[in-house]
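First residue of the sequence shown: 1, per full-length UniProt numbering; consecutive thereafter. All residues carry an ideal CB built from backbone N, CA and C; glycine is no exception.
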Amino acid sequence: MSRLSPSNLNRYLYNWSMGEIRHGQLWPVSVALTLIIASIFALTALTERMEQVIVKQGKEALTADSVFSSSNPIPEQLTTLVAQQKLESSSMVRFATMAFSDSAMKLITVKAVESNYPLQGELKLQSKEGQHSTVLDNQLWLDERLFSQLNVTEGDVVTVGDADFTITGRVVEEPGLSFNPFQQMPSAYIHQSDLEKTGAVQLGSRVRYNLYLNALDTQLEQLKQQVELTPSDSWRDQNSASRTNEMFQRTQQYLSLTVAIVVIMAATTLVLTCQHYVATRQKTIAMLKSLGATRRWLSRWLLIQIAILLVWASVVGSLLGVVLEFLLRIPLTDLLPTPLPSYGVMPAFVAIGTSLLIAIPALGIPFLHLMRVSAVNVMQPQMTNISKRSYALILVPVLPMLLAYSNNLLVWLVLGGMVALFVVLGLVSVVITRVLARLPLSTEFKLALSRINRSSISTGVQFGALSLSLMLLAIMWLVRTDLLSDWQRTLPDDAPNAFALNIAPYEKESYLNALDESNIERSDAYPIIRGRLETINGSNAKEYSQGGNDNDALRREINFTFASGIPAHNDVLAGEWIATGGVSVEKEVAEDLGIQLGDTLGFVINSQPVSARVDSIRHVEWRDMKPNFYFIFTPDVLAQIPSTYLVSFRLDSQHDQLLNRLSRQHPTVSLMDIRVMGAKIQQLVQQIVSAVTLLAGLSVIAGAILIFTLLRLSLGQRQSEIQLYRTLGASKKRVVRTIWAEYGVMGLVAGSIAVLGAELVVSGIMIFGFDMESQLHYPLWILLPLLAFCTLALVVNSLMKRLLIPINKDFS
1 MSRLSPSNLN RYLYNWSMGE IRHGQLWPVS VALTLIIASI FALTALTERM EQVIVKQGKE
61 ALTADSVFSS SNPIPEQLTT LVAQQKLESS SMVRFATMAF SDSAMKLITV KAVESNYPLQ
121 GELKLQSKEG QHSTVLDNQL WLDERLFSQL NVTEGDVVTV GDADFTITGR VVEEPGLSFN
181 PFQQMPSAYI HQSDLEKTGA VQLGSRVRYN LYLNALDTQL EQLKQQVELT PSDSWRDQNS
241 ASRTNEMFQR TQQYLSLTVA IVVIMAATTL VLTCQHYVAT RQKTIAMLKS LGATRRWLSR
301 WLLIQIAILL VWASVVGSLL GVVLEFLLRI PLTDLLPTPL PSYGVMPAFV AIGTSLLIAI
361 PALGIPFLHL MRVSAVNVMQ PQMTNISKRS YALILVPVLP MLLAYSNNLL VWLVLGGMVA
421 LFVVLGLVSV VITRVLARLP LSTEFKLALS RINRSSISTG VQFGALSLSL MLLAIMWLVR
481 TDLLSDWQRT LPDDAPNAFA LNIAPYEKES YLNALDESNI ERSDAYPIIR GRLETINGSN
541 AKEYSQGGND NDALRREINF TFASGIPAHN DVLAGEWIAT GGVSVEKEVA EDLGIQLGDT
601 LGFVINSQPV SARVDSIRHV EWRDMKPNFY FIFTPDVLAQ IPSTYLVSFR LDSQHDQLLN
661 RLSRQHPTVS LMDIRVMGAK IQQLVQQIVS AVTLLAGLSV IAGAILIFTL LRLSLGQRQS
721 EIQLYRTLGA SKKRVVRTIW AEYGVMGLVA GSIAVLGAEL VVSGIMIFGF DMESQLHYPL
781 WILLPLLAFC TLALVVNSLM KRLLIPINKD FS
């Protein structure tokens with residue numbers, strides 16, 4: 001070999017390396033690398049587009065990148081800073097006032113906006129002249145409901161406050177999503193230049209001023225730091241607490257978790273295939289060394305193989321990634337925008353870079369081990385000392401991962417679960433198999449258990465890899481299932497979609513009778529009184545609370561109610577309902593304000609001081625769209641304070657005439673039909689459900705490939721042993737039964753341990769990652785071991801014929 005010229009030597013090594021790949025020695029490694037790059041490329045490209053869509057929808061729901069909201073006019077300091085930084089902005093003044101037509105009147109929400117509103121999202125307006133998206137001077141656009149409630153048509157005159165407006169057209173669709181039914185009174189849009197002539201905004205009026213901003217995150221953060229907030233001011237952005245933003249944030253977390261888990265499973269596949277290659281090539285390296293091959297020559301030969309693998313995998317993997325991303329995108333056609341945002345070269349860079357980082361220890365450690373094989377191994381296999389320094393290569397992917405996922409609790413929960421699983425499995429699998437070996441079992445089971453128990457370390461690794469694969473599959477699917485179950489509660493199919501507010505006591509019975517006569521499912525009528533929490537045990541609530549001024553119960557006046565008991569759709573967590581002198585508090589408010597059972601709370605309601613004792617703490621599910629309250633009083637506490645009533649009910653399309661009749665018969669009642677809003681929310685939820693299900697499916701495919709690779713390699717290592725059994729006289733039937741017994745035990749034990757690991761990790765993810773309640777998944781306890789056994793059965797059955805081929809005559 002040493003007589004070859006360098007160019008001929010490299011050509012010779014290249015041809016030999018290609019032969020290694022063509023003849024099946026390196027194809028598992030090549031396939032693993034290609035799959036890693038293709039999977040990471042496709043997921044990164046898809047999540048890049050998905051995140052752009054999620055961020056876009058989140059901002060459209062908000063109608064801007066960020067919103068400054070206040071009950072006072074926008075501070076001059078803020079408007080000056082916005083002008084100085086030349087930020088894109090728009091403003092809205094929202095207030096409630098009466099609208100009068102010639103034959104009716106109605107309490108409405110007026111939104112005085114600038115012509116460039118909204119900055120994001122779409123305002124759809126319709127008139128006889130066609131469709132519009134901007135509000136101009138001297139225009140009045142009415143919510144569809146107001147045309148029947150005020151008995152008007154386009155071109156009629158309606159008085160809003162002190163100003164007369166000619167109706168320009170109707171509001172077809174408003175931007176943004178709101179889960180607060182109390183803000184869903186019928187809307188009317190006017191231009192801000194017409195605000196003053198309405199005379200509706202006076203000292204003491206209930207008005208909300210919003211300033212919408214589009215800017216870079218760094219600009220917005222700098223702006224927020226320069227503006228001092230008063231108790232009535234707040235910033236809202238994608239990270240603000242709301243039901244839609246919560247879905248967006250959790251979807252992004254799930255995308256990140258999916259990518260991390262697919263990388264982990266693909267890396268495990270690569271490590272296993274590399275280990276298998278090293279195990280099969282030790283005799284070849286020993287033979288080459290015995291023939292005089294130098295360490296340098298062998299290093300060059302192996303490096304050429306690695307280079308071919310990496311180049312091949314990078315090219316083919318990237319091309320497959322493009323195709324895979326296209327296929328994954330097909331079910332999301334309605335969700336993704338047109339034209340699609342470009343993902344650029346970043347997915348290829350991330351995929352190839354990640355694969356290189358994974359490949360360095362996955363390929364490097366086994367190949368360094370291979371280089372230390374002694375030439376004596378040709379005659380007699382010997383244990384090769386493993387260099388401890390080689391394990392430092394593990395830091396190559398670990399350190400970048402620490403940086404990339406330093407703030408992602410979900411990923412670390414999964415990794416922690418993996419480590420815990422290996423520890424538990426190492427103990428449980430050895431104990432179970434050794435206990436089984438002592439039982440009076442058939443010969444086949446004894447042979448199977450004898451092989452399993454022959455090496456505790458090998459058994460632990462083999463069981464660990466299989467259980468890890470099953471656990472990761474279970475984690476992705478269970479997290480998806482729990483998230484979807486939670487999201488679908490955002491607006492249940494049977495949720496109320498209409499609210500009637502401001503029902504006076506004298507008209508309550510007639511209003512409820514009208515609903516009952518039409519067989520409309522409704523809630524009880526709840527008295528509504530607005531007030532503010534002032535003191536806790538005699539101390540100022542803002543000083544006493546743990547959440548400061550940020551709690552919603554302290555920032556503003558809120559709706560109180562009284563009842564003879566706790567509503568059936570609320571769960572009592574502590575205490576009990578006492579009929580007099582008490583108040584029941586919602587759990588999150590109690591935790592944030594440090595409220596305990598027996599505390600005395602002081603309120604100001606209609607300028608009157610009121611106090612009550614905390615007798616119970618309730619859990620409230622706000623997303624079920626039923627009437628819910630932070631505080632529910634016993635009737636005697638609020639007996640002397642006048643109230644109006646609220647009722648919620650569910651409408652169908654055939655009830656439109658009833659709504660019109662109720663609006664005419666009860667003109668002072670605010671009727672809020674939120675069917676359009678509900679349809680928008682349900683559409684958004686379904687789109688996110690499709691995306692999450694698709695990504696979970698991709699992770700299942702990656703896990704299935706890992707399990708299949710693991711089992712094929714494990715069975716491949718058995719061939720020589722099976723041939724020995726046949727040589728010693730074991731029948732084909734006995735060998736087959738022994739194989740089924742061994743892998744049946746492996747599947748059931750690994751599946752059972754995976755169930756335990758998945759339940760623990762998913763509980764951690766839901767509690768600490770998504771701030772949701774955890775639950776046990778009983779069907780999984782049967783399905784996962786069964787899935788493991790069936791997967792093993794498929795792989796064993798596919799390889800059985802090859803395992804039982806006649807032994808070589810030379811061997812005999």
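Quick one: using the 10 Å Cβ neighbour count with 16 as the cut-off for buried, is A579 buried or exposed? As a working mapping, residue 579 is identified with position 579 in the sequence shown. Label assigned to A579: exposed.
Secondary structure at I365, three-state DSSP: helix, strand or coil? What you label residue 365 is simply residue 365 of the sequence shown in a count that begins at 1. In the three-state reduction of the DSSP assignment, I365 falls in the helix class, which pools H, G and I.
Where the beta strand (DSSP E) through K111 begins and ends: Here residue 111 refers to the residue found at position 111 of the sequence shown. Counting along the chain, the beta strand (DSSP E) containing K111 begins and ends at 105-113.
Exposed or buried, what is D65 when buried is set at 16 or more other beta-carbons lying within 10 Å of its beta-carbon? For the purposes of this step, residue 65 is identified with residue 65 of the sequence shown, where counting begins at 1. D65 is buried by the Cβ-count criterion.
Ignore the nearest five residues each way along the sequence and tell me which others in L512's own chain have a CB closer than 8 Å to its CB. The residue labelled residue 512 in the question sits at position 512 within the sequence shown. Same-chain partners within the cutoff: R522, A525, V647.
Hey, would you say L117 sits closer than 8 Å to S90, going by beta carbons? As a first step, residue 117 must be located in the sequence shown, where it is residue number 117. As a first step, residue 90 must be located in the sequence shown, where it is residue number 90. As written in the sequence, residue 117 is Tyr, which differs from the Leu given in the question. Yes, they are a contact pair.
C-alpha gap between L272 and A32, whole angstroms: Position 272 of the sequence shown, counted from the first residue, corresponds to residue 272. Position 32 of the sequence shown, counted from the first residue, corresponds to residue 32. Those two C-alpha atoms are separated by around 9 Å.
Which runs of the beta strand (DSSP E) spanning at least 3 residues fall entirely within the segment 602-632, listed in chain order? Listed in chain order, they are 608-619.
DSSP state of Y405 mapped onto helix, strand, coil: The count along the sequence shown starts at 1 and reaches residue 405 at position 405. DSSP places Y405 in coil when its eight states are reduced to three.
Per-residue DSSP class, three states only, for Q282: Numbered from its first residue, the sequence shown carries residue 282 at position 282. Q282: helix per DSSP, three-state reduction.
Where D524 sits in the DSSP three-state scheme: For the purposes of this step, residue 524 is taken as the residue at position 524 of the sequence shown. Here D524 sits in coil by DSSP.
In whole angstroms, give me the CA-to-CA distance for A788 and R438. Locating residue 788 in the sequence shown gives position 788, where the first residue counts as 1. Locating residue 438 in the sequence shown gives position 438, where the first residue counts as 1. Between A788 and R438, the C-alpha separation is close to 25 Å.
Just confirm the distance between the C-beta atoms of I641 and I529, as a whole number of angstroms; I'd bet it's less than 8 Å. For the purposes of this step, residue 641 is taken as the residue at position 641 of the sequence shown. For the purposes of this step, residue 529 is taken as the residue at position 529 of the sequence shown. Indeed they touch by this definition, with Cβ atoms about 6 Å apart.
Going by DSSP in three states, K446 sits in which element: helix, strand or coil? Locating residue 446 in the sequence shown gives position 446, counting from the first residue. Reduced to three states, the DSSP call for K446 is helix.
By the three-class DSSP mapping on this structure, what secondary structure does D156 have? Residue 156 sits at position 156 when you count from the first residue of the sequence shown. Correct three-state label for D156: coil.
Taking just the CA atoms, how far does A754 sit from L792? One-based indexing of the sequence shown puts residue 792 at position 792. One-based indexing of the sequence shown puts residue 754 at position 754. CA-to-CA, the gap between L792 and A754 works out to about 15 Å.
Length of the line joining the Cα atoms of G744 and W781: Indexing the sequence shown from 1 puts residue 744 at position 744. Indexing the sequence shown from 1 puts residue 781 at position 781. Approximately 17 Å between the Cα atoms of the pair.
W577 - DSSP class collapsed to helix/strand/coil: Walking along the sequence shown from the start, residue 577 turns up at place 577. It is coil, neither helix nor strand.
Applying the criterion that 16 or more other CB atoms from any shown protein chain within 10 Å of the CB defines a buried residue, is F499 buried or exposed? Residue 499 sits at position 499 when you count from the first residue of the sequence shown. Taking all protein chains in view, the Cβ of F499 is crowded by 16 or more other Cβ atoms within 10 Å, so the residue is classified as buried.
Is the beta carbon of I536 sitting closer than 8 Å to the one on L593? Counting from one through the sequence shown, the residue named residue 536 turns up at place 536. Counting from one through the sequence shown, the residue named residue 593 turns up at place 593. With contacts defined as CB atoms closer than 8 Å, I536 and L593 qualify as a contacting pair.
In angstroms with no decimal places, state the Cα-to-Cα distance between V350 and I264. Position 350 of the sequence shown, counting from 1, holds the residue named residue 350. Position 264 of the sequence shown, counting from 1, holds the residue named residue 264. Between V350 and I264, the C-alpha separation is close to 15 Å.
Taking just the CA atoms, how far does Q84 sit from L119? Here residue 119 is taken as the residue at index 119 of the sequence shown, counted from 1. Here residue 84 is taken as the residue at index 84 of the sequence shown, counted from 1. Computed Cα separation, rounded: 19 Å.
Does the segment 120-140 touch the segment 649-664, meaning 3 or more C-beta pairs lie closer than 8 Å? Judged by Cβ distances under 8 Å, the segment 649-664 makes no contact with the segment 120-140, as fewer than three pairs qualify.
Limits of the unbroken alpha helix (DSSP H) element including E173: Start at 1 with the first residue of the sequence shown, and residue 173 comes out as number 173. No alpha helix (DSSP H) contains E173, which is instead part of the beta strand (DSSP E) from 163-173.
Once the 5 residues before and after N210 are set aside, which same chain residues still bring their CB inside 6 Å of it? Indexing the sequence shown from 1 puts residue 210 at position 210. Contacts found: V67, S69, M92.
Counting C-beta neighbours from all protein chains within 10 Å, is the total for S193 16 or more, i.e. buried, or is it exposed? On the sequence shown, residue 193 is found 193 positions in, with the first residue counted as 1. S193 comes out exposed.
Going straight from the alpha carbon of residue 816 to that of E196, what length do you get? Here the chain has residues from 1 to 812 only, and residue 816 is not among them.
Residues in the same chain with beta-carbon distance under 6 Å from E48, minus the five sequence neighbours each way, listed in chain order, please. Indexing the sequence shown from 1 puts residue 48 at position 48. The answer, listed in chain order, is Y343.
As assigned by DSSP and simplified to three states, the class of G538: The count along the sequence shown starts at 1 and reaches residue 538 at position 538. Coil at G538, not helix or strand.
Compute the beta-carbon to beta-carbon distance between L46 and R329, rounded to the nearest angstrom, for a pair I have assumed lies under 8 Å. As a working mapping, residue 46 is identified with position 46 in the sequence shown. As a working mapping, residue 329 is identified with position 329 in the sequence shown. At roughly 7 Å, the Cβ-Cβ gap stays under 8 Å, so L46 and R329 are in contact.
Euclidean distance between Cα positions of D615 and A639: Position 615 of the sequence shown holds residue 615. Position 639 of the sequence shown holds residue 639. Whole-angstrom Cα-Cα distance: 18 Å.
For S752, I'd like the list of residues in its chain whose CB is within less than 6 Å of its CB, leaving aside the five on either flank, ordered along the chain. What you label residue 752 is simply residue 752 of the sequence shown in a count that begins at 1. Around S752: P785.
Beta-carbon proximity check, L327 vs G364, cutoff 8 Å: Counting from 1 along the sequence shown, the entry for residue 327 is found at position 327. Counting from 1 along the sequence shown, the entry for residue 364 is found at position 364. Not in contact: L327 and G364 (Cβ atoms no closer than 8 Å).
Which partner residues does Q131 have in the DSSP bridge list? Working through the sequence shown from its first residue, we reach residue 131 at position 131. DSSP lists Q126 as partners of Q131.
Neighbour-count burial assignment, I765, 16 or more Cβ in a 10 Å radius: For this step, residue 765 is matched to residue 765 along the sequence shown. Per the 10 Å Cβ criterion, buried.
For E88, the residue or residues it bridges with in DSSP: Locating residue 88 in the sequence shown gives position 88, counting from the first residue. N214, per the DSSP bridge assignment.
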